[in-house]
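K.L.:
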Amino acid sequence: MVAVVLAAYPTFVLANVYWKFFQADLPGGRNGPADAYRHSLASAIVAFTLSPRCVDWVTAVMEDDGRGNASRAMDAHNNRIGARLGAAAPSWAAMQRDVRAAVEHGAVNAASTDQITWLAPMAWQERIY
1 MVAVVLAAYP TFVLANVYWK FFQADLPGGR NGPADAYRHS LASAIVAFTL
51 SPRCVDWVTA VMEDDGRGNA SRAMDAHNNR IGARLGAAAP SWAAMQRDVR
101 AAVEHGAVNA ASTDQITWLA PMAWQERIY
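The sequence shown lines up with residues 1 to 129 when you count with our numbering.
1. State yes or no: is the C-beta of W118 within less than 9 angstroms of the C-beta of M74?
2. Based on the DSSP output, what are the partners of T117 in its beta bridges?
3. When DSSP labels each residue in this structure, what does R53 get in the three-state scheme?
4. Assign A3 to one of two classes, buried (16 or more other C-beta atoms within 10 Å of its C-beta) or exposed (fewer than that).
5. Could you tell me the alpha carbon to alpha carbon distance between A24 and M1, rounded to whole angstroms?
6. On the three-state DSSP scale, how would you describe R127?
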């Protein structure tokens, strides 16, 4: 029973993320705006439903806290923004809307901790992960 519960939550998060990801029709599935959207939305969902601390833990484990390469740094940056948006959201709909708006105002190599970022277009790959 514990295994079912432990598997159900990631399935819930991934299903919601990819549902919105495919609707978003953004370019750059890897290293581009679509990747930034996927990471920030997943982190927002986790922060909204559990805690921003869970996002911190996952970012530390999965992204080595942004160390190692530009892609990991981008993902960690966007995870942190998504976590803040999710933790502050008053509702599920507002959380989703806020993440999408943040991505729409993102930029290549954004340095601000308040702006979604992605890599330059030459680094983008059209993948879904």
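We put the beta carbon where it would ideally sit given N, CA and C, even for glycine.
P.N.:
Taking the structure as given:
1. For W118 and M74, yes; Cβs fall inside 9 angstroms.
2. Within the DSSP bridge table, the entry for T117 names A107 as partners.
3. Correct three-state label for R53: helix.
4. Counting Cβ neighbours within 10 Å, A3 comes out exposed, since fewer than 16 surround it.
5. Roughly 35 angstroms between the two C-alpha positions.
6. Under the three-state reduction of DSSP output, R127 falls in the coil class, being neither helix nor strand.
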